[in-house]
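Chains as they are written, first to last, in this note's numbering: chain A, 1 to 169; chain B, 1 to 452; chain C, 1 to 156. Data block below; observations after.
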Amino acid sequence: MSGDSLPGPVAGSDEMLASLGEAVPSAEADRSTGDDVIRVPARDLARLAEAARAGGFEMCSDITVVDYLGVRRVRFEVVVNLLSLQHNRRLRILVPVPEGDPEVPSLVPVYPGANFMEREAYDMFGIRFAGHPDLTRILMPDDWVGHPLRRDFDVGAVPVQFKAAHRVR
Amino acid sequence: MMAEPTSTTDVWVSGTEAPEVSEWMVAGTDEGAQEMERDETIERGVEQRGARVVDDWVVDDTVDDEERMIVNMGPQHPSTHGVLRLNIELEGEIVRRVKPIIGYLHTGMEKTAETLTYLQGGTNVTRMDYLAPLQNELCYSLAVEKLLGVEIPPRAQAIRILMTELNRVSSHLVATATNGMDIGALSMMMYGFRERELILAFFEKTTGLRMNHNYIRPGGVAADLPDGWEEDVAEILERIPRAMADYEDLLKENPIWIGRTRGVGIITADECLAYGVTGPTLRAAGVPWDLRKAQPYSGIEAYDFDVVTGSRGDVYDRYRVRIGEMHQSLRIVEQVAAAMPRGDYKTGDRKVSPPPRQRIDESMEALIHHFKIYTEGFKVPAGETYVAIEAPRGELGCYLVSDGSGAPLRMHTRAPSFSNLQALPIMMADSLVADTVACIASLDPVMGDVDR
Amino acid sequence: MAHLTAPPQLLTTTLGKAMRWSQQQSMWPATFGLACCAIEMMATGTAHNDLARFGMEVFRASPRQADLMVVAGRVSQKMAPVLRQVYDQMADPKWVISMGACASTGGMFNNYALVQGVDQIVPVDVYVPGCPPGPQSLMHGILTLQDKVMSGELAR
Numbered sequence: 001m002s003g004d005s006l007p008g009p010v011a012g013s014d015e016m017l018a019s020l021g022e023a024v025p026s027a028e029a030d031r032s033t034g035d036d037v038i039r040v041p042a043r044d045l046a047r048l049a050e051a052a053r054a055g056g057f058e059m060c061s062d063i064t065v066v067d068y069l070g071v072r073r074v075r076f077e078v079v080v081n082l083l084s085l086q087h088n089r090r091l092r093i094l095v096p097v098p099e100g101d102p103e104v105p106s107l108v109p110v111y112p113g114a115n116f117m118e119r120e121a122y123d124m125f126g127i128r129f130a131g132h133p134d135l136t137r138i139l140m141p142d143d144w145v146g147h148p149l150r151r152d153f154d155v156g157a158v159p160v161q162f163k164a165a166h167r168v169r
Numbered sequence: 001m002m003a004e005p006t007s008t009t010d011v012w013v014s015g016t017e018a019p020e021v022s023e024w025m026v027a028g029t030d031e032g033a034q035e036m037e038r039d040e041t042i043e044r045g046v047e048q049r050g051a052r053v054v055d056d057w058v059v060d061d062t063v064d065d066e067e068r069m070i071v072n073m074g075p076q077h078p079s080t081h082g083v084l085r086l087n088i089e090l091e092g093e094i095v096r097r098v099k100p101i102i103g104y105l106h107t108g109m110e111k112t113a114e115t116l117t118y119l120q121g122g123t124n125v126t127r128m129d130y131l132a133p134l135q136n137e138l139c140y141s142l143a144v145e146k147l148l149g150v151e152i153p154p155r156a157q158a159i160r161i162l163m164t165e166l167n168r169v170s171s172h173l174v175a176t177a178t179n180g181m182d183i184g185a186l187s188m189m190m191y192g193f194r195e196r197e198l199i200l201a202f203f204e205k206t207t208g209l210r211m212n213h214n215y216i217r218p219g220g221v222a223a224d225l226p227d228g229w230e231e232d233v234a235e236i237l238e239r240i241p242r243a244m245a246d247y248e249d250l251l252k253e254n255p256i257w258i259g260r261t262r263g264v265g266i267i268t269a270d271e272c273l274a275y276g277v278t279g280p281t282l283r284a285a286g287v288p289w290d291l292r293k294a295q296p297y298s299g300i301e302a303y304d305f306d307v308v309t310g311s312r313g314d315v316y317d318r319y320r321v322r323i324g325e326m327h328q329s330l331r332i333v334e335q336v337a338a339a340m341p342r343g344d345y346k347t348g349d350r351k352v353s354p355p356p357r358q359r360i361d362e363s364m365e366a367l368i369h370h371f372k373i374y375t376e377g378f379k380v381p382a383g384e385t386y387v388a389i390e391a392p393r394g395e396l397g398c399y400l401v402s403d404g405s406g407a408p409l410r411m412h413t414r415a416p417s418f419s420n421l422q423a424l425p426i427m428m429a430d431s432l433v434a435d436t437v438a439c440i441a442s443l444d445p446v447m448g449d450v451d452r
Numbered sequence: 001m002a003h004l005t006a007p008p009q010l011l012t013t014t015l016g017k018a019m020r021w022s023q024q025q026s027m028w029p030a031t032f033g034l035a036c037c038a039i040e041m042m043a044t045g046t047a048h049n050d051l052a053r054f055g056m057e058v059f060r061a062s063p064r065q066a067d068l069m070v071v072a073g074r075v076s077q078k079m080a081p082v083l084r085q086v087y088d089q090m091a092d093p094k095w096v097i098s099m100g101a102c103a104s105t106g107g108m109f110n111n112y113a114l115v116q117g118v119d120q121i122v123p124v125d126v127y128v129p130g131c132p133p134g135p136q137s138l139m140h141g142i143l144t145l146q147d148k149v150m151s152g153e154l155a156r
């Protein structure tokens, strides 16, 4: 039952990144702490994801958002982590999203597994994913107000009152 | 196990006579037993395979609404492995649509992580996937270390591998135990938790706690292995394989178990990839993808082990993969224990790790240094990174963004259970309602991991 | 309890005492696991720790058949109404054990998502400290509850 047909070592060539750059000219390839990243404007995200999927990135392993309030001019950044099993490499797509119009195209048509992750990103940060089939809250109750992981949302710590416990025995 | 019944009322009672191995159990030729025997020529899962990647939320309009019934399962239900809630749309006995509803255990850990220093962060992440706390700590620590750029001494790396692989065994033990219990093999529950106690006793001795250890920290591990750890590990290595023979006796060829699991909850490799499903579920579908082999961490490439895969992607294969992985993990543990390097158990980088105890007694500066590391925490250079390791449930990732201060700007965990849960509607589409519990159990979701 | 001057096969007691004794000895917990503590609760119920020694191993799947709720784990804002509903469905007399730091006070997660102490939703009889409390702690909590029921402090 043991498999031995594992993919080879991490590919060193950047042909794949170059071909992605050809498919989506607005994409900028970069390196960040030793990882491959691509920065792309929101309007081209879906096109880039399609090109990446065609180029061998079979799996969208993670989608999340970072709130750079007070750090950067463009407040949000959508982070998409792609994984290629056949080439054994990862690719991170970074999409800056302004606070005024927090909308990016949904990746569900390309990667069905993006469904829950985009719902989480919407729930926690209020980023709208255009074209998502069911963009509702996923972790918080449906009637919750606000998006808790935004940096201007308070942690919500309350003073905990310890009740006067009476002695047992 | 029953002997072959000679008449419909004849039941063999344990101890009255020797049980004989009847022919149908071996060859499957006897006429009366054919219903219990599985026919290898018919693949049971064909009708429920649904092997296309489809939008599950599209309602099939051809069926009258009156024939459909929506049943709510959970969040308080003994077989949902925590507070998972499912909306199940039934057409008679057949499940047509499933919608997992989660968030009942949402703890706001990613928010809390922003208020904790990097050193305190371990206490937070360890409570996410509470069956694999050490993997969570390792993933987080690796992310912090990648941003810091510190070297981890070989002994610390070996201890990390030792502990996380033991944790994989204990986690799979619970998965197999609860899987057995949900399908009705209550003995498996007792067996699984019996052996888990053995590993937990070792964890308690090493880390001070049975769960939620905060043992693996940025820069190394919290403490060296305790005196006499070799004997403890040797005992684990001796007793668990012996106990696993019990599980094989109980389940491997048990006709009831096979009937409840073979061809049930099938998910194909393509569907796994499309939905981001990793771990034993992906490997049971035949993809030999294991991050320990593909993208090794903490020096695990030095040890010899195999990636266990299945072929059908059903509940039975996932159970077999877990059993196989336990053996492989024990194999790794054996090699680590045999070749445990000497040396320091945490990095000597004084930016991250406090000075040794005896220096604190001698030097005021060392005392201040120690105090500052534990109150203010160390600073991590600005940057962002994603690190993934192979947790018992699949790819566990940590996306960490630092702005150069003592606490992360953002800490996000890519939880394997969260993505794997999306496979549930695929697995359960057009299956029988009785198989629901088997599907959930075989996926082994930990709700703390799903909701964080 | 037995009156020594009575004939050998007769026990006399007060009705209240007999009731408390039977309540104490047949407490059935509801299967209500939330988080990490639920794993320790399961470990308490299985062979190694053997909760059956105290007549408590019959975890009931339905709250209707249970008289003890062990709140094992952190209670989120989303879960709180459900928890209260499960409690309301339980038949009287009923007791609640708050297991672990999160259930008792919110633990280390003092944030927007968690209810800071389950005693804001349901009345708690025994708090078991720990994160998570080991099986021994839970058993101590259960025995404490039994003692309190027997002494009449919590009899209902």
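Beta carbons are placed, not taken as given, at the ideal position from N, Cα and C, and that holds for glycine.
Of all residues in the region 90-124 of chain C, the ones placed with a Cβ closer than 7 angstroms to any Cβ belonging to chain B are Met108, Phe109, Asn111, Tyr112, Ala113, Leu114, in chain order. Counting along the chain, the unbroken beta strand (DSSP E) around Met411/B starts and ends at 410-414. For Arg92/A, the chain B residues whose C-beta falls within less than 8 angstroms of its own C-beta are Tyr386, listed in chain order. Your pair Val124/C and Val118/C checks out as a contact, with CB atoms roughly 6 angstroms apart and the cut at 8 angstroms. Following the DSSP letters along the chain, one finds Met139/C in no beta strand (DSSP E) but inside the alpha helix (DSSP H) bounded by residues 135-150. Any Cβ of chain B closer than 9 angstroms to the Cβ of Leu135/A would place that residue at the interface, and such an atom is absent. Nearest Cα to Lys94/C within the set Arg64/C, Gln120/C, Ser137/C: Arg64/C. Considering only Tyr118/B, Pro100/B, Ala113/B, Asp129/B, the residue with the shortest C-alpha distance to Asp134/A is Pro100/B. Listed along chain C are Asn110, Asn111, Tyr112, each with a C-beta nearer than 9 angstroms to that of Val155/A. Interface flag for Glu110/B against chain A is set, since a Cβ pair is found closer than 9 angstroms.
Leu432/B has its alpha-carbon roughly 36 angstroms from the corresponding atom of Val80/A. Annotated three-state conformation of Phe129/A is strand, per DSSP. Counting only the Cα atoms, Thr436/B lies some 17 angstroms from Ile102/B. Distance from the CA of Ile97/C to the CA of Phe59/C, rounded to the nearest whole angstrom, comes to 14 angstroms. Neighbours of Phe32/C in chain B, taken as residues whose beta carbon is under 8 angstroms from its own, are Gln76 in chain order. Taken atom to atom, the span from the alpha-carbon of Pro25/A to that of Val352/B is near 42 angstroms. Against chain A, a Cβ distance below 7 angstroms from Tyr247/B picks out nothing, because the smallest value is about 16 angstroms.
Chain-ordered, the chain C residues with CB closer than 7 angstroms to the CB of Pro141/A read Gln77, Lys78. The beta carbon of Val437/B does not come within 9 angstroms of any beta carbon belonging to chain C, so the residue lies off that interface. Ala61, Pro63, Gly73, Arg74: these are the residues of the region 61-74 of chain C whose beta carbon lies less than 8 angstroms from some beta carbon of chain B, given in chain order. Judged by DSSP in its simplified three-state form, Pro218/B adopts coil rather than helix or strand. In the three-state scheme derived from DSSP, where H, G and I count as helix and E and B as strand, Ala285/B is classed as coil. Residue-level contact by beta carbon fails for Glu57/C and chain B, as no gap is shorter than 9 angstroms. No Cβ-Cβ contact shorter than 9 angstroms links Val380/B with Tyr316/B. Secondary structure of Leu90/B (DSSP, three-state): strand. Within the same chain, and ignoring the five residues on either side of Ala423/B in sequence, the residues whose Cβ sits closer than 6 angstroms to its Cβ are Ile267, Tyr275, Val277.
The three-state reading of DSSP puts Lys99/B in strand, counting E and B together.
Inclusion of Val65/A and Val74/A in the CB contact set at 9 angstroms is not warranted, their separation being larger than that value. At least one beta carbon of chain B lies nearer than 9 angstroms to the beta carbon of Ile138/A. A check of alpha carbon separations from Glu99/A across Arg72/A, Ala130/A, Asp35/A identifies Arg72/A as the nearest. As for any beta strand (DSSP E) of minimum length 3 sitting wholly inside the region 299-386 of chain B, there is none. Straight-line spacing of the CA atoms in Leu166/B and Gly180/B works out to 21 angstroms. For the options Tyr68/A, Pro96/A, Asp67/A, Gln86/A, the alpha carbon positioned closest to that of Gln295/B is the one of Gln86/A.
DSSP places Tyr297/B outside both helix and strand once states are collapsed to three, so it counts as coil. With respect to Val446/B, His81/B sits close: the two C-beta atoms are nearer than 9 angstroms. Against chain C, the CB of Tyr399/B has no partner CB under 9 angstroms away; the residue lies outside that interface.
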